[in-house]
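Reading through the structure tokens given below for one structure.
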Amino acid sequence: MTVELWQYVSDLKKIGSNYVDFNITDSLNGYLNATQNTGFRKKTKHEHIFSTKEPVELFVNVTDSFRSPPTMMCNWYIDDKLLETHNCSKLVCEFNKTERHTIKAVAMVNTDGYEDCSGKRYEKDPNGTFYMTVHMKDPVGYLFMLGNKTVQLGQGINLTAIWQQGSPPFNFTWLLKEEHGDRVLNHFSHTLTSTSSNISLSASMLPAVGRYDLMVYVENDVSMISYRQLLLTVHKERTDPEHSPYTVVLSVIGGLVTMTIIVLVFVKAREVQERRRHIETADFDFHPNLLSSSYVAAGTSGETVSEKWTTLLGRLAGLCKSAEGMSKMSTSGYKPLRKYGTMEGSINA
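So for the sequence shown, the UniProt record's numbering puts the first residue at 1; every next one is plus one.
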């Protein structure tokens, strides 16, 4: 179609013209787009990159003009698999794995018919097919900083940064500033594929006694994490606790006190042991309590011994009297037996 502009004042005069070419067709013109509520997303020429931690919103943008807002129906395919059919140009999906997906949307617009400039009416509903590739990646996890953050003047600092998860590549950056200052003393940035990196600060980077702020940043295509206010301290005097003079003095005093306590305990134990040995070997006649208790025990058993002794003496007295009578009888016809008493009866010559 060609459009010309004419001016009618006193005579017919052409003042300009413009040319517009267009075709009436039943194909929709537009494209697929996608967004994610993360606030951080990178887009390349051929694909969109999203985080696996948030859902992705897909929608169809139609560039054709219509007299009134059209009613659109879309068939959504993910990796050539029909996912959903509905009367809406938007779709929300969740992708939990780090992989690529091909999105296809087949859209059809119901126009209820339209006319061209010549008055010809078209009843066919236009349709179109749109494609997109999305690449899902894991965001960077928590960042840990390992290493000694306090040194003596003239020494350097070596730190290790370790972060959890995340899809490579990673952009690792650190900035060294004075405490509460804005001036950057030193900085370094590099790209890596591992989930850790070393930070080496030489003594020349820490030229004066004081404190320094180290700011560390780790980012990938779908996230960024920062470790701020990592405080580094530089002392004038040696701060190694193993070689501090105060620590040495306290260690010596503590050792002496410990040895003194051990000696006192040993001496006390020997003293108690000697007391017990003297008590066990002592003469109990010099102890009134022990003497009285043994006297009572002996008196109790002495009564029984006295009774038996009296009975025995009585029996011996009776035996003596019998022996005396036997010796008198042996002089009148009885021959005495030596030392065994007498035997009754005559003795033949």
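Idealized CB from N, CA, C, for every residue including glycine.
Through-space distance from K177 to T239, alpha-carbon basis: As a position in the sequence shown, residue 239 is number 239, starting the count at 1. As a position in the sequence shown, residue 177 is number 177, starting the count at 1. Confidence is the limiting factor: at T239 the pLDDT is only 49, short of 50, which leaves the residue's position unreliable and the question unanswerable from this model.
Nearest CA to the CA of D80: which residue from L256, F59, A105 and S68? Here residue 80 is taken as the residue at index 80 of the sequence shown, counted from 1. Cα-wise, what sits closest to D80 is A105.
Do you know whose CA, among G166, T193 and A107, lies nearest L28's CA? Here residue 28 corresponds to residue number 28 of the sequence shown, with the count starting at 1. Of the candidates G166, T193 and A107, A107 places its Cα closest to the Cα of L28.
Taking only the alpha-carbon atoms, compute the straight-line gap between V140 and S189 and give it to the nearest angstrom. As a working mapping, residue 140 is identified with position 140 in the sequence shown. As a working mapping, residue 189 is identified with position 189 in the sequence shown. So the alpha carbons of these two residues sit roughly 17 Å apart.
Note the first and the last residue of the continuous beta strand (DSSP E) segment covering K104. Counting from 1 along the sequence shown, the entry for residue 104 is found at position 104. Note, K104: beta strand (DSSP E), R100 to N110.
Assign L206 to one of three DSSP states: helix, strand, or coil. Counted from its first residue, the sequence shown places residue 206 at position 206. In the structure shown, L206 sits in coil (DSSP, three-state: anything other than H, G, I, E or B).
Given a cut-off of 8 Å on the beta-carbon distance, is the pair L230 and L250 in contact? Here residue 230 is taken as the residue at index 230 of the sequence shown, counted from 1. Here residue 250 is taken as the residue at index 250 of the sequence shown, counted from 1. Result no, Cβ atoms of L230 and L250 do not sit closer than 8 Å.
Cβ neighbour criterion (16 or more within 10 Å) applied to V222: The residue labelled residue 222 in the question sits at position 222 within the sequence shown. Per the 10 Å Cβ criterion, buried.
What does DSSP give as the partner residues of R276 in its beta bridges? Position 276 of the sequence shown holds residue 276. Answer is none; R276 lacks a bridge partner.
Rounded C-alpha distance that separates C74 from N61: Here residue 74 refers to the residue found at position 74 of the sequence shown. Here residue 61 refers to the residue found at position 61 of the sequence shown. So the alpha carbons of these two residues sit roughly 12 Å apart.
What does a CB cutoff of less than 6 Å around M132 pick up in its chain, not counting 5 residues either side in sequence? Sequence index remark: in the sequence shown, residue 132 carries index 132 (1-based). Taken in chain order, the residues that qualify are L32 and I103.
Considering only residues of the same chain and omitting the five flanking positions on each side of E179, which have a CB-CB separation below 8 Å? One-based indexing of the sequence shown puts residue 179 at position 179. Excluding residues within five positions, the ones whose Cβ falls inside 8 Å are G210, R211, Y212, D213 and L231.
Terminal residues of the continuous beta strand (DSSP E) containing E57? Here the question's residue 57 lines up with position 57 in the sequence shown. Counting along the chain, the beta strand (DSSP E) containing E57 begins and ends at V56 to V62.
C-beta contact flag for T160 and T233 at 8 Å: Here residue 160 corresponds to residue number 160 of the sequence shown, with the count starting at 1. Here residue 233 corresponds to residue number 233 of the sequence shown, with the count starting at 1. In terms of Cβ geometry, T160 and T233 do not form a close pair [threshold 8 Å].
Between T71 and the rest of its own chain, which residues show a CB-CB distance below 6 Å, the 5 nearest in sequence each way excluded? Translated into positions along the sequence shown, residue 71 becomes position 71. Same-chain partners within the cutoff: N110.
Under a three-way DSSP split, which group does G30 fall into? If you number the sequence shown from 1, residue 30 lands on position 30. Here G30 sits in strand by DSSP.
Beta-carbon within less than 8 Å of Y142's beta-carbon, same chain only, minus the 5 sequence neighbours each way: which residues are those? By 1-based counting over the sequence shown, the position of residue 142 is 142. Excluding residues within five positions, the ones whose Cβ falls inside 8 Å are W163, Q164 and I225.
Can you have a look at G181 and say buried or exposed, based on whether 16 or more other CB atoms are within 10 angstroms of its CB? If you number the sequence shown from 1, residue 181 lands on position 181. Burial check for G181: the Cβ neighbour count within 10 Å stays below 16, so the residue is exposed.
Secondary structure of S65, DSSP reduced to three states: As a working mapping, residue 65 is identified with position 65 in the sequence shown. The answer is coil: DSSP assigns S65 none of H, G, I, E or B.
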